[in-house]
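Peer 1: Sequence order for the protein chains is A and B.
With the first letter of the first sequence counted as 1, position 128 gets the number 931 in the working numbering; the numbers rise by one all the way through.
With the first letter of the second sequence counted as 1, position 113 gets the number 916 in the working numbering; the numbers rise by one all the way through.
Attaching a single structure in structure tokens format; questions to follow.
There are 2 protein chains.
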Amino acid sequence: MELIINTTDSVPVFSQLIDQIKNAVTNGDLSPGDALPSVRQLANDLNLNHNTVAKAYKHLIRDSVIQAKGYRGTFIHIDAKLNCNFDLNTVVTFKLSETIQILRQTGATDSEIRIAFGNIMKIQQNSGE
Amino acid sequence: MELIINTTDSVPVFSQLIDQIKNAVTNGDLSPGDALPSVRQLANDLNLNHNTVAKAYKHLIRDSVIQAKGYRGTFIHIDAKLNCNFDLNTVVTFKLSETIQILRQTGATDSEIRIAFGNIMKIQQNSGE
DNA sequence: CTGCATGTACTAATAGTACAAGTACAATAT
DNA sequence: ATATTGTACTTGTACTATTAGTACATGCAG
């Protein structure tokens, strides 16, 4: 498995990790049960902070793409391929694009949309993260 | 026309101006052709910076609610009432809330939603702003 | 028990962004 | 000339997200 990280990209590093690991799973480069490098190992290999890797892992765990087994390490989830199938990121982008386009057509300015979005995300916060 | 600005509110001042001017148009307090105070005049009356007022005017011009006639001043647009759907803000908030709720239900984290939103707004930018 | 590796939680530094303010400018009427 | 219109450019501040540094709980190996 080859991970390529571009720290100058506007896409956050932890997101790049998520995307590439998901890709590796769908491509078959990573199979259920396979062990992943530890957060520190991978961080060391890629010259990143281990918390950045941990953040990516955390998200993948939430999506049931990988599974943390405490001191034993982290492994590809049994249903990884299934849970990777629909790329959440793509869905989110698509759905949001759709809505934003409609809002613009009704005459809303970007500023208005941004403000409304910010308020919504601030007021009704999701637990966890 | 009575404008009330609350600088401690989380809603930006220029947005409050936009909302209230649109409100005045839909209520009939301001009619097409009516002259608006100059950016400096209004800023002085409300103890604001003239650029803050200018920003609000800029948005309203973009929405064809008002019309800048250069040195002659700024006036209510002929189709102001039509272009000034006061419910716009409510619609925007409602539509966005709806979409965000769906995305959360599919398992997307706030972080993912924020990133996707930011990218969309950055990439497919509206003119002006 | 000691030492080491695992994931995780908490805090600090940095970068990016939005709002607002200060200044300066082009255009035009008086 | 002077004043007034809207506008452009730059700066300071506050807020947020990302990333990094440190410390901790758990459990294996010797």
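C-beta atoms are modelled at their ideal positions from N, C-alpha and C, and glycine is treated no differently.
Are glycine 873 of chain B and alanine 838 of chain B closer than 7 angstroms when you measure CB to CB?
Peer 2: No.
Peer 1: So, under 8 angstroms CB-CB, isoleucine 807 of chain A and histidine 862 of chain A are touching, yes? Tell me the CB distance rounded to an integer number of Å.
Peer 2: Isoleucine 807 of chain A to histidine 862 of chain A, Cβ: 19 angstroms. No contact.
Peer 1: On a Cα-Cα basis, can you pick out the residue from B:Val842, B:Thr811 and B:Thr829 that is closest to histidine 880 of chain B?
Peer 2: Ranking the options by Cα distance to histidine 880 of chain B, first place goes to B:Thr829.
Peer 1: What residue range does the beta strand (DSSP E) around isoleucine 879 of chain B cover?
Peer 2: 877–879 is the span of the beta strand (DSSP E), which, as asked, contains isoleucine 879 of chain B.
Peer 1: For serine 834 of chain A, which residues in the same chain have their Cβ closer than 7 angstroms to its Cβ, ignoring the five residues on either side in sequence?
Peer 2: Correct list, in chain order: Ile879.
Peer 1: Between valine 816 of chain A and alanine 911 of chain B, is the Cβ-Cβ spacing less than 7 angstroms?
Peer 2: No, they are not a contact pair.
Peer 1: Could you name the residues of chain A that aspartate 866 of chain B contacts, counting a contact when the two beta carbons are closer than 8 angstroms?
Peer 2: The answer, in chain order, is Gly910 and Thr912.
Peer 1: Check whether the Cβ of isoleucine 869 of chain A lies closer than 7 angstroms to any Cβ atom in chain B.
Peer 2: Closer than 7 angstroms: no.
Peer 1: Leaving aside the five residues before and after glutamine 823 of chain A along the sequence, list all residues of the same chain whose C-beta is less than 6 angstroms from its C-beta, in chain order.
Peer 2: Counting only Cβ-Cβ distances below 6 angstroms, and skipping sequence neighbours, we find Leu806.
Peer 1: Taking only the alpha-carbon atoms, compute the straight-line gap between aspartate 913 of chain B and lysine 898 of chain A and give it to the nearest angstrom.
Peer 2: Their Cα atoms are separated by approximately 14 angstroms.
Peer 1: What does histidine 862 of chain A reach in chain B if we use C-beta pairs closer than 9 angstroms?
Peer 2: Result: Thr912, Ser914 and Glu915.
Peer 1: To the nearest angstrom, report how far apart glutamate 932 of chain B and asparagine 826 of chain A are at their CA atoms.
Peer 2: Only weak support is given to the placement of glutamate 932 of chain B: the predicted model assigns it a pLDDT of 41, under 50, and the value that follows is read from those uncertain coordinates. Cα-Cα distance, rounded: 37 angstroms.
Peer 1: Relative to the alpha-carbon of cysteine 887 of chain A, which residue among A:Glu901, A:Thr902 and A:Val868 has its alpha-carbon at the smallest distance?
Peer 2: Comparing Cα-Cα distances from cysteine 887 of chain A to each of A:Glu901, A:Thr902 and A:Val868, the minimum goes to A:Val868.
Peer 1: According to DSSP, simplified to helix, strand and coil, what is threonine 811 of chain B?
Peer 2: DSSP places threonine 811 of chain B in coil when its eight states are reduced to three.
Peer 1: At 3 residues or longer, what runs of the beta strand (DSSP E) sit wholly inside the region 823–903 of chain B?
Peer 2: Here the runs fully enclosed are 869–871 and 877–879.
Peer 1: Here's the rule I'm using: 16 or more other beta-carbon atoms within 10 Å means buried, otherwise exposed. How should valine 856 of chain B be labelled?
Peer 2: When all chains shown are included, valine 856 of chain B counts as buried.
Peer 1: Taking the alpha carbon of arginine 843 of chain A as the reference point, which residue from A:Lys858, A:Asp882 and A:Leu885 has its own alpha carbon closest?
Peer 2: Nearest C-alpha to arginine 843 of chain A: A:Lys858.
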